[in-house]
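Have a look at the structure below before the remarks.
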Amino acid sequence: MSSHTERLDGRDTRWTTHRVQRRRQLVESAIKAIRKHGATVGMDEIAATAGTSKTVIYRHLGDRLGLYLAVVEAVDSLILNDFDKAISTGVDLDDPASLRSSDPHAVLVAVIDSYLSLVESDPELYRFVVRRPLVDLDADSDPVAGLTDAIAGRLSEIFSAALIAADRDPAPAATWGHALVGYVREAADRWLADPDRPPRADVVQHLAEFASVGLAGVLGSPQDTAPKSSL
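The sequence shown: position 71 = 71 (UniProt numbering), numbered continuously.
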């Protein structure tokens, strides 16, 4: 390889690194603007927070949709990171004994709390992602669905491994995973919209109890509602 080619490759590498860094900085500025101005933040406010122009933002992120998708990706990473930490503290997927002896209620509390804690600590950012103020997307193009599928997939792995460890058919695992995500998300949206919402800890316990024992369990006698010894 000639020295000229090496110089060109070096410039390309530096430029690519610069673009990645600049993109990350612009997304961080957008998140700051959302937290400051609320979920209905406009592009002018985002540009002002970034100390640049809308033209520069569009150059690095494409357009309004590109900016929105970049913010969603950043939020997805936050949620999935917290979610994975919550799972790892409650269940060891590689250890059948752990799955058989795990407390489903405790696992659900950890998982649900990891989601609601973001909703509570970053409500405007959550509203921005869910309400899509900068763009108009149909349901089939909803990028939040990707996060839903990712979380449901992780839950399905837990349910499937637990069912297999208990010598049961793992077929329901995928359905349960998606059902639990929808259940928690709808409850979280309603909780966030309630001006007199109860404490997060209470909501987490209510959701986890219902998810772990079902309607018959929560309406039964106290001993019937006690969490079972395995998922």
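Just so you know, even glycine gets a beta-carbon here, dropped at the ideal spot from N, CA and C.
Under 8 Å between C-beta atoms of V71 and V27: Cβ atoms of V71 and V27: closer than 8 Å.
Of the listed residues L65, S29 and G62, nearest to I46 (C-alpha basis): Per the Cα distances, S29.
Unbroken alpha helix (DSSP H) run spanning S114, endpoints: Element bounds for S114: P104 to S121.
Which residue's Cα is closest to the Cα of A39: E120, A161, F128 and L118? For the residues E120, A161, F128 and L118, the minimum Cα distance to A39 belongs to F128.
Should A193 go down as buried or exposed, given a rule of 16 or more other Cβ atoms within 10 Å for buried? Answer is exposed; the Cβ neighbour count stays below 16.
Under three-state DSSP, which class holds T52? Under the three-state reduction of DSSP output, T52 falls in the coil class, being neither helix nor strand.
Got a sec, what are the start and stop residues for the alpha helix (DSSP H) A193 sits in? If you look at A193, you'll find it in the alpha helix (DSSP H) that goes A173 to A193.
Taking all protein chains shown into account, do 16 or more other C-beta atoms lie within 10 angstroms of the C-beta of T175, making it buried, or fewer, making it exposed? Label assigned to T175: exposed.
Of all the options T17, Y58 and A110, which has the alpha carbon lying nearest to the alpha carbon of E209? Ranking the options by Cα distance to E209, first place goes to A110.
Three CB pairs or more closer than 8 Å across the segment 179 to 189 and the segment 109 to 123: Yes, they touch.
With distances taken Cα to Cα, identify the nearest neighbour of L163 among L69, R35, A150 and P104. For the residues L69, R35, A150 and P104, the minimum Cα distance to L163 belongs to P104.
Inter-residue Cα distance where the pair is D169 and Y126: Inter-residue distance for D169 and Y126 is about 36 Å (C-alpha atoms, whole angstroms).
Near S212, what residues of its chain come up, given a Cβ to Cβ distance below 7 Å and the 5 sequence neighbours on each side ignored? Same-chain partners within the cutoff: P104, H105, L108 and P227.
Go ahead and label S77 buried or exposed: buried means 16 or more other beta carbons lie within 10 angstroms of its beta carbon, across all protein chains shown. Around the beta carbon of S77, fewer than 16 other beta carbons lie within 10 angstroms, which makes this residue exposed.
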